[in-house]
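>
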Amino acid sequence: MAYISTTELSQRLGATLYARLTDRVNGTTADEAVAQQLISAAEAEADGYFARRYATPVDLAVYPELAQVLNARVLDVAEYLAWCGSPFIGNPPQRVQALYAAALRWLEDVAGGRLVLPAARPPPSAVAHADEPRHVSSARVLTADELDGL
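Sequential numbering from 132 applies to the sequence shown in the numbering used here.
(1) Counting pairs of Cβ atoms below 8 Å between the segment 166-183 and the segment 140-150, do you hit three or more?
(2) One question on the structure: do ILE103 and VAL200 come within less than 8 Å of each other, judged by their Cβ atoms?
(3) Could you pull out every residue in the same chain whose Cβ sits closer than 6 Å to the Cβ of LEU246, ignoring the five residues on either side in sequence?
(4) Going by DSSP, which residues form a beta bridge with TYR180?
(5) Just tell me which of ASP178, ARG155, GLY145, GLY280 has its CA closest to the CA of SER217.
(6) Among TRP214, SER256, ASP276, GLU277, whose alpha-carbon lies nearest the alpha-carbon of PRO188?
Set out below in structure tokens:
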């Protein structure tokens, strides 16, 4: 399940800048395929952090209360990746760099357990609990003493 869409990225950047950052040939016409690649990379980066504590991808249909916060952070990452990947633009502006750094700190805090995703009920943990039994076997039918001499 996607955390953001190409439409949301386009709205964040504005039509002219969206075309400039996604068109890798001329920098004039928006390329939806490039935008989708940027979004996939941003979502994969976020899921890499989430996977330390939660099953990924986080299902926003089950946890709709997470949509807004995940959307904002993943958009910050996608915008940064768009700026960095464009052959027509130099370094990302300070605003974009600051948003990306803040998004990474937030993701690290979630991954480290210092910040819990604000869900009504937490998403399922990705960590197996070692203190829970996994399998209980039944008693042996034949013991070593009963098999002695066979």
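Note that the Cβ used here is the ideal one computed from N, Cα and C, for glycine as well.
Answer, in terms of the structure:
(1) yes
(2) Examination of residue 103 is not possible in this model, given that the chain is present from 132 through 281 alone.
(3) Position 115 of the sequence shown, counted from the start, is the residue given in the question as residue 246. Excluding positions up to five away in sequence, the list reads ASP240.
(4) Sequence index remark: in the sequence shown, residue 180 carries index 49 (1-based). For TYR180, which the question treats as bridged, DSSP gives no partner whatsoever.
(5) In the sequence shown, counting from the first residue as 1, residue 217 sits at position 86. The shortest C-alpha separation from SER217 is found at ARG155.
(6) Here residue 188 corresponds to residue number 57 of the sequence shown, with the count starting at 1. If we check each option's Cα against that of PRO188, SER256 comes out closest.
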